[in-house]
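Q:
In my numbering, the protein residues as written are -8 to 198.
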């Protein structure tokens, strides 16, 4: 397993997430840029500091209004599309994340267990087949600690996508774990607002 440390900086345009092993050595890092902007950028760097992948939230998506509703396209260092993460509310208003591969096929699903304060990534065909598990807590001045356990060697998700997903979780941990779910009325209102924005600006869902 590896640990992710997020040192929170209030009103900071840029923030850093470090992946460390049990010896506290930094393995990789993600730098997120953007704050109150149409897009957030999550840039992954390897141990030598080389750029490895980038996750980009879609412009004028739900994340502008509700941090629990991101849609992130992920590209490698050569700007090739390698996958996408999309959050969805279930019928009981619990949140799930869908992971799509480079061919846009559903490869895995992440579920949030608020009581256990953990997130598990499972097979879309068999929820009992767990690929990875995230457990964490927010601490002093909103710093976040996440432990990432890989419980299966046959995870179909690109490892870089998991790292960017972990950074997203740490970035908005309290939004995902502690906040109450949206009501039907709020969801309908937010949906109407986004429809108006995209209509006025002529921005499609896949922009």
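Cβ coordinates follow ideal geometry from the N, Cα and C atoms, glycine included. Keep in mind that this is a model prediction, so the values were computed, not measured.
1) Nearest-angstrom Cα distance between residue 10 and residue 115?
2) Would you tell me roughly how many angstroms separate the C-alpha atoms of residue 125 and residue 191, rounded to the nearest one?
3) Let's test the definition: count the other Cβ atoms within 10 Å of the Cβ of residue 48 and tell me whether it reaches 16, buried, or not, exposed.
4) Can you tell me where the alpha helix (DSSP H) holding residue 72 begins and where it ends?
5) Among 63, 97, 70, whose alpha-carbon lies nearest the alpha-carbon of residue 44?
6) Within a Cβ cutoff of 8 Å, which residues of the same chain sit near residue 42, ignoring the five residues on either side of it in sequence?
7) To the nearest angstrom, how far is it from the Cα of residue 75 to the Cα of residue 151?
8) Check residue 98 in the structure and name its three-state DSSP category.
9) If you follow the alpha helix (DSSP H) that residue 150 is part of, which residue opens it and which one closes it?
10) Once the 5 residues before and after residue 92 are set aside, which same chain residues still bring their CB inside 6 Å of it?
11) Could you please give the first and the last residue of the uninterrupted beta strand (DSSP E) stretch that includes residue 7?
A: Quick look at the numbers:
1) Here residue 10 refers to the residue found at position 19 when the chain shown is read from its first residue. Here residue 115 refers to the residue found at position 124 when the chain shown is read from its first residue. Each residue's alpha carbon lies about 27 Å from the other.
2) Translated into the one-based positions of the chain shown, residue 125 becomes position 134. Translated into the one-based positions of the chain shown, residue 191 becomes position 200. If I take the Cα positions, the gap works out to 39 Å.
3) Within the chain shown, residue 48 is the residue found at index 57, counting from 1. Under this definition residue 48 is a buried residue.
4) Here residue 72 refers to the residue found at position 81 when the chain shown is read from its first residue. Unbroken run through residue 72 is the beta strand (DSSP E), 72 to 80; no alpha helix (DSSP H).
5) Residue 44 sits at position 53 when you count from the first residue of the chain shown. When only C-alpha atoms are compared, the closest one is 70.
6) As a first step, residue 42 must be located in the chain shown, where it is residue number 51. The residues are 34, 35, 36, 68.
7) Residue numbering aside, residue 75 sits at position 84 when the chain shown is read from its first letter. Residue numbering aside, residue 151 sits at position 160 when the chain shown is read from its first letter. Taking the straight line joining both Cα atoms gives about 11 Å.
8) Numbered from 1 along the chain shown, position 107 holds the residue referred to as residue 98. Correct three-state label for residue 98: strand.
9) Within the chain shown, numbered from 1, the residue matching residue 150 stands at position 159. Residue 150 -> alpha helix (DSSP H) spans 150 to 162.
10) Numbered from its first residue, the chain shown carries residue 92 at position 101. 74, 98.
11) In the chain shown, the residue the question calls residue 7 occupies position 16. First-last of the beta strand (DSSP E) with residue 7: 5 to 11.
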